[in-house]
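A.B. asks: Attaching a single structure in structure tokens format; questions to follow.
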Amino acid sequence: MLYAATSTSSKSACGALDQYFSYYSRPRRIISDRGTCFTSNEFTKFLSSRGVTHILTATSSPQANGQVERVNRVLRPMLSKTTDPYDHSDWSTKLRALEFALNNTVHSSTCFTPSMLLFGTDQQIINDEQFSKKHRPAIEFQVGDLVVIRNVDNSTNVNKKLIARYKRPYIIHKRLHNDRYLVRDIDRIQPTQIPYEGVLETDKLRKWTSQILLPT
Numbered sequence: 001m002l003y004a005a006t007s008t009s010s011k012s013a014c015g016a017l018d019q020y021f022s023y024y025s026r027p028r029r030i031i032s033d034r035g036t037c038f039t040s041n042e043f044t045k046f047l048s049s050r051g052v053t054h055i056l057t058a059t060s061s062p063q064a065n066g067q068v069e070r071v072n073r074v075l076r077p078m079l080s081k082t083t084d085p086y087d088h089s090d091w092s093t094k095l096r097a098l099e100f101a102l103n104n105t106v107h108s109s110t111c112f113t114p115s116m117l118l119f120g121t122d123q124q125i126i127n128d129e130q131f132s133k134k135h136r137p138a139i140e141f142q143v144g145d146l147v148v149i150r151n152v153d154n155s156t157n158v159n160k161k162l163i164a165r166y167k168r169p170y171i172i173h174k175r176l177h178n179d180r181y182l183v184r185d186i187d188r189i190q191p192t193q194i195p196y197e198g199v200l201e202t203d204k205l206r207k208w209t210s211q212i213l214l215p216t
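The opening position of the sequence shown corresponds to residue 1 in UniProt numbering, with each subsequent residue numbered one higher.
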């Protein structure tokens with residue numbers, strides 16, 4: 001997690017860690033440099049009271065805390081590109097979005113995102129493809145169009161991989177509000193005693209494209 005600190009005091013560092021612990025629980029150990037906020041009695045007592053081991057890196061050896069340094073190397077240019085070039089005071093408002101980007105980017109060393117390694121799943125990302133699917137105009141059908149219906153079989157003894165994706169052709173009987181349609185069996189092509197009639201949304205329907213001639 002990334003935190004915008006108003007100061008480098010021990011109180012500020014303890015406050016940030018306290019918030020982190022409330023979200024993700026307490027780690028077994030924490031590695032930090034030898035900044036005064038981390039070597040103070042206040043910080044030492046804070047970690048000790050929570051059963052967290054504190055490991056200090058060697059003096060003047062930033063590579064000893066390499067993970068933090070790598071994040072900082074990536075984060076600085078990201079901040080410079082996303083903050084107002086004429087008013088840098090808004091940088092703290094960008095942290096959540098940048099944190100999300102970092103946590104859901106695949107790392108070359110692990111081949112996984114940090115979110116996947118920590119939670120076992122990636123956080124929801126609305127990429128261009130998902131946005132396009134969600135906002136693309138709904139397909140319109142006309143009364144009399146022949147359609148097939150997406151097949152959803154919840155039977156436990158059926159191999160889902162072998163089920164046809166769509167069921168037999170039906171006919172659009174009426175167009176309703178909110179991209180919904182009244183669908184019925186086609187006359188003289190009724191495989192059951194009770195005629196089918198249902199209201200379905202556009203995403204459950206596909207236009208019937210078979211060249212097989214239907215009875216007239």
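For every residue, glycine included, the Cβ atom is placed at its ideal position computed from N, Cα and C.
The structure displayed is predicted, hence computed values, not measured ones.
1) When DSSP labels each residue in this structure, what does P77 get in the three-state scheme?
2) Find out if the Cβ-Cβ distance for the pair L200, I139 is shorter than 9 angstroms.
3) For the stretch 77-86 against the stretch 42-58, do three or more pairs of beta-carbon atoms, one drawn from each stretch, fall closer than 8 angstroms, so that the two count as touching?
4) Please state if the CB of G144 and the CB of I172 are separated by a distance shorter than 9 angstroms.
5) Would you identify the three-state DSSP class for C88, choosing helix, strand or coil?
6) Going by alpha carbons, who is nearest to L98 out of N72, R175 and L176?
7) Closest to L2 by CA distance: which of C111, S92 and F112 is it?
8) State the Cα-Cα distance for the pair Y196 and P169, rounded to the nearest angstrom.
9) Measure from the alpha carbon of L34 to the alpha carbon of each residue in F43, R28 and P27, then state which is nearest.
10) Have a look at T105 and D122 and give me their C-alpha separation to the nearest angstrom.
11) Measure the C-alpha to C-alpha separation of I186 and K94 and round it to an integer number of angstroms.
12) Is the distance from the Cβ of Y166 to the Cβ of F141 below 9 angstroms?
13) Could you say which of P85, A101 and D87 lies nearest to V74 if we only look at CA atoms?
14) Among the residues of its own chain, which have a CB less than 8 angstroms from the CB of S40, if the five just before and after it don't count?
15) What did DSSP end up calling V71 once you bin it into helix, strand or coil?
16) Please name the residue or residues paired with P169 in a DSSP beta bridge.
C.D. replies: Walking through what the data contain:
1) helix
2) no
3) no
4) yes
5) Note that residue 88 corresponds to His in the displayed sequence, not to Cys. In the structure shown, H88 sits in a helix (DSSP, three-state: H, G or I).
6) N72
7) S92
8) 11 angstroms
9) The residue asked about is misnamed: residue 34 is Arg in this sequence, not Leu. Looking at the Cα atoms, F43 is the closest of the given residues.
10) 9 angstroms
11) 57 angstroms
12) no
13) A101
14) S10
15) helix
16) V148
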